[in-house]
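Report on the following structure.
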Amino acid sequence: MGKPTGFQEFNRELPEKTPAAERVKDYKEFVHPYSDEKLNQQSARCMNCGIPFCHSGCPLGNIIPEFNDAVYRKNWEEAYNILSSTNNFPEFTGRICPAPCESACVLGINKPAVAIEEIEKHIIEIAYSKNLVKPVAPLIKTGKKVAVVGSGPAGLAAAAQLSKAGHSVTVYERDDYPGGLLRYGIPDFKLEKWVVERRIQVMEQDGVKFKCNTEVGKDIAADELVRNNDAVVLAGGSTIPRNLNIPGRELKGIYFAMDFLKQQNKRVSDTKFEQEEILATDKDVIVIGGGDTGSDCVGTSNRQGAKSIKQFEVMMQPPAQRTQHMPWPTYPMVLKTTSSHEEGADRFWGVNTEEFLGDADGNLRALRVVDVTWELDVMGRPMKFAKVEGSEREIPCQRVFLAMGFLFPQAQGMIENLGIELDDRKNVKAKEGVYRTNVGKVFAAGDMRRGQSLVVWAISEGREAARKVDEFLMGHSILESKDAVN
Ligand code: FAD
Numbered sequence: 008m009g010k011p012t013g014f015q016e017f018n019r020e021l022p023e024k025t026p027a028a029e030r031v032k033d034y035k036e037f038v039h040p041y042s043d044e045k046l047n048q049q050s051a052r053c054m055n056c057g058i059p060f061c062h063s064g065c066p067l068g069n070i071i072p073e074f075n076d077a078v079y080r081k082n083w084e085e086a087y088n089i090l091s092s093t094n095n096f097p098e099f100t101g102r103i104c105p106a107p108c109e110s111a112c113v114l115g116i117n118k119p120a121v122a123i124e125e126i127e128k129h130i131i132e133i134a135y136s137k138n139l140v141k142p143v144a145p146l147i148k149t150g151k152k153v154a155v156v157g158s159g160p161a162g163l164a165a166a167a168q169l170s171k172a173g174h175s176v177t178v179y180e181r182d183d184y185p186g187g188l189l190r191y192g193i194p195d196f197k198l199e200k201w202v203v204e205r206r207i208q209v210m211e212q213d214g215v216k217f218k219c220n221t222e223v224g225k226d227i228a229a230d231e232l233v234r235n236n237d238a239v240v241l242a243g244g245s246t247i248p249r250n251l252n253i254p255g256r257e258l259k260g261i262y263f264a265m266d267f268l269k270q271q272n273k274r275v276s277d278t279k280f281e282q283e284e285i286l287a288t289d290k291d292v293i294v295i296g297g298g299d300t301g302s303d304c305v306g307t308s309n310r311q312g313a314k315s316i317k318q319f320e321v322m323m324q325p326p327a328q329r330t331q332h333m334p335w336p337t338y339p340m341v342l343k344t345t346s347s348h349e350e351g352a353d354r355f356w357g358v359n360t361e362e363f364l365g366d367a368d369g370n371l372r373a374l375r376v377v378d379v380t381w382e383l384d385v386m387g388r389p390m391k392f393a394k395v396e397g398s399e400r401e402i403p404c405q406r407v408f409l410a411m412g413f414l415f416p417q418a419q420g421m422i423e424n425l426g427i428e429l430d431d432r433k434n435v436k437a438k439e440g441v442y443r444t445n446v447g448k449v450f451a452a453g454d455m456r457r458g459q460s461l462v463v464w465a466i467s468e469g470r471e472a473a474r475k476v477d478e479f480l481m482g483h484s485i486l487e488s489k490d491a492v493n
């Protein structure tokens with residue numbers, strides 16, 4: 008705690024953003040940096056709260072009060088060392104994390120929480136600008152070889168940690184560039200791709216090798232990979248999207264969100280794609296689904312020049328205030344208003360789509376929707392919905408993006424070939440805290456194991472799984488444990 012009275016003197020302030028009308032003209036990030044004075048004031052708001060619940064609110068166990076204190080004292084090296092001791096990639100979480108740490112901030116009980124996420128982004132960007140982010144040479148080389156399948160945040164974190172422990176690490180990625188959803192899911196306006204590329208370069212300097220355009224289970228046999236390595240970490244993500252199998256699904260103009268978003272990310276980075284062009288330009292767009300993927304479709308549709316954008320969510324609108332059922336620190340982070348919504352979209356809650364309607368040429372022309380109400384359980388959780396009689400109506404549109412989440416990883420290929428056991432949700436079965444699958448030296452981390460989640464969880468799982476691999480290979484691990492920090 009740099010300044011004992013800071014939380015009484017300064018209000019929470021977030022950095023300025025480029026106005027919505029301006030920023031939709033391109034795909035660039037639009038959150039400006041704090042001035043030095045503002046950064047100093049915001050870090051001073053972290054108070055001496057006794058038990059910093061932010062530590063456990065953060066899946067990485069980030070040591071937040073300590074780095075806030077170092078920021079207040081302008082000791083950038085110390086701030087960077089504290090932050091990077093628990094988080095391999097603060098430049099990602101500092102930009103796109105929903106910041107569960109802020110929901111758990113004690114100041115948040117009766118004042119707005121400390122702006123932890125922004126402070127984190129400033130620490131890492133200052134560290135890069137001062138050349139503090141350097142390759143980490145391991146103390147010893149163990150002579151062990153580890154393959155990581157998938158280069159999303161889970162695979163990258165596992166690879167970075169395993170390389171730090173002295174193992175030779177190769178990351179296999181079926182896409183043409185590494186990064187997973189950081190590169191080909193999350194749009195540039197949330198995370199510009201030079202940020203991902205900069206980190207990949209640091210990892211390459213650390214000695215991590217990347218083999219792109221290589222699908223394990225197709226371009227390279229999965230059992231061969233297992234045979235040729237001392238351990239394997241599966242971090243292939245949760246890639247099968249939830250479909251909406253209602254009448255009219257075959258009409259032209261209905262796409263999975265990821266097909267739309269991935270293509271636009273490729274367009275921005277001037278990378279080739281072979282599928283038909285999917286564009287929202289001059290179309291009436293409806294996004295079905297209210298999470299991060301849905302809001303990214305809204306932001307992308309706005310930038311492509313959609314005529315109108317509506318977003319439908321079958322759940323009810325969460326309360327604007329905390330309720331009895333959602334006290335501190337469990338205020339919901341989901342279904343929030345994002346920067347994409349500031350740019351323009353009509354949001355509708357408690358709406359269920361029952362049919363896609365087409366014209367004579369098989370093109371989508373409208374949705375038939377109804378309003379729904381939810382039956383809640385004793386804890387106030389939604390259980391099942393019922394149709395509101397008489398609410399049926401048609402909404403004209405020519406584009407629909409399905410953004411209703413992801414079900415589980417692709418089993419065909421690598422998972423089936425290796426005989427990896429799945430859990431009852433069809434994710435790779437490997438106990439949290441253990442990360443080992445039923446197949447001897449094969450471990451799993453990230454969305455492939457826990458189901459669709461968040462970048463911060465993927466990094467956390469990658470780090471924890473790496474420690475388990477290190478223990479498996481060496482009998483003990485020199486890698487930090489998040490439990491030891493908190
Ligand atoms: P992924 O990032 O999915 O990476 C898996 C990688 O494995 C992919 O590159 C895939 O090509 C590769 N792969 C799979 N199988 C193979 C194989 N057999 N051989 C070789 N390679 C393989 N989270 C947030 O915290 N904040 C956000 O703002 C946010 N926005 C999101 C927006 C969208 C559109 C989506 C879809 C998700 C978003 N998320 C967000 C969630 C977050 O991106 C994921 O939870 C996270 O990326 C999961 O990381 P992962 O490493 O487990 O998997």
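8 is the number of the first residue of the sequence shown in the working numbering; add one for each residue after it.
Idealized CB from N, CA, C, for every residue including glycine.
Everything numeric in this text was worked out from a predicted model, so none of it was measured.
task = Name the residue from Pro-145, Val-239, Pro-185 whose alpha carbon lies nearest to the alpha carbon of Ala-172.
result = Pro-145
request  = Would you list the residues sitting across from Leu-374 in a DSSP beta bridge?
outcome  = Phe-363, Ile-402
key: Asn-220 classed as buried or exposed, judged by whether at least 16 other C-beta atoms fall within 10 angstroms   = exposed
N-terminal and C-terminal residue of the alpha helix (DSSP H) that Phe-60 is part of = 60 to 64
key: 4 or more residues per run - each alpha helix (DSSP H) lying fully within the segment 414 to 467   = 421 to 425, 454 to 457
request  = Please report how far the alpha carbon of Ser-245 lies from the alpha carbon of Gly-458, in whole angstroms.
outcome  = 6 Å
task = Locate the alpha helix (DSSP H) running through Val-38, then write down its first and last residues.
result = First-last for Val-38: undefined, no H or E at that position.
Cα-Cα separation, Thr-93 to Gly-306 = 31 Å
ask   = Is it right to say Met-386 is buried, meaning 16 or more other beta carbons lie within 10 angstroms of its own, or is it exposed?
value = exposed
task = Can you give me the start and stop residues for the beta strand (DSSP E) that Phe-392 sits inside?
result = 389 to 394
task = Counting only the same chain and skipping the five closest in sequence on each side, list residues whose C-beta sits under 7 Å from that of Met-340.
result = Its pLDDT being 48, under 50, Met-340 is placed unreliably by the model, and nothing is read from it.
query = Who are the Cβ neighbours of Thr-345 in its own chain at under 7 Å, not counting the five residues just before and after it?
reply = Ser-302
inquiry  = Suppose you measure from the CA of Leu-342 to the CA of Ile-123; what does that come to, to the nearest Å?
reply    = Confidence in Leu-342 is poor, its pLDDT being 47 and thus under 50, which makes the residue's placement unreliable; the coordinate value appears in the next sentence. Approximately 20 Å, taken between the alpha carbons.
task = Assign Ser-315 to one of three DSSP states: helix, strand, or coil.
result = strand
query = Should Thr-12 be labelled buried (16 or more other beta-carbon atoms within 10 Å of its own) or exposed?
reply = exposed
ask   = Among residues of its own chain, excluding the 5 on either side of Gln-282, which ones have a beta-carbon nearer than 8 Å to its beta-carbon?
value = Asp-266, Gln-270
task = Flag Ser-346 as yes when its Cβ comes closer than 8 Å to any non-hydrogen atom of ligand 1, and as no otherwise.
result = no
key: Phe-355 versus Lys-317 - alpha carbon distance   = 7 Å
key: heavy atom of ligand 1 below 8 Å from Phe-96 C-beta   = no
message = Give me the residue from Trp-83, Leu-189, Gly-187 with the minimum Cα distance to Leu-139.
response = Trp-83
ask   = Closer than 8 Å: is that where the CB of Glu-180 sits relative to any heavy atom of ligand 1?
value = yes
message = With a threshold of 8 Å, are at least 3 pairs of Cβ atoms found where one atom belongs to the segment 64 to 79 and the other to the segment 425 to 439?
response = no
Opposing strand residues paired with Asp-291 [DSSP bridges] = Ser-315
query = Less than 9 Å separating the beta-carbons of Thr-177 and Lys-218?
reply = yes
message = Buried or exposed for Ala-451, going by 16 or more other Cβ atoms inside 10 Å?
response = buried
query = Span of the beta strand (DSSP E) holding Val-178?
reply = 175 to 179
request  = Can you grab the Cα-Cα spacing for the pair Arg-190 / Ala-164, in whole Å?
outcome  = 15 Å
key: Own chain residues within Cβ distance below 6 Å of Ala-86, not counting five before or after   = Phe-74, Ala-77, Val-78, Ile-130
message = Would Lys-503 and Asn-359 qualify as a contact pair, given that the criterion is a beta-carbon distance under 9 Å?
response = The structure shown does not extend to residue 503, since the chain spans only 8 to 493, so no value can be given for it.
task = Could you spell out the range, first to last residue, of the beta strand (DSSP E) harbouring Phe-196?
result = From DSSP, Phe-196 is part of no beta strand (DSSP E); its letter is neither H nor E.
Member of Ser-175, Pro-160, Val-153 whose CA lies at the smallest distance from the CA of Ile-147 = Ser-175
query = Going along the chain, which residues of its own chain have a beta-carbon closer than 7 Å to the beta-carbon of Asn-47, five neighbours each way excluded?
reply = Tyr-79
message = Bridge partners for Ile-247 per DSSP, in chain order?
response = Phe-415
ask   = At which residues does the beta strand (DSSP E) containing Met-354 begin and terminate?
value = Sequence check: residue 354 is Arg here, not Met. Segment 353 to 356, the beta strand (DSSP E) holding Arg-354.
message = I need the DSSP call for Ile-131, collapsed to helix, strand or coil.
response = helix
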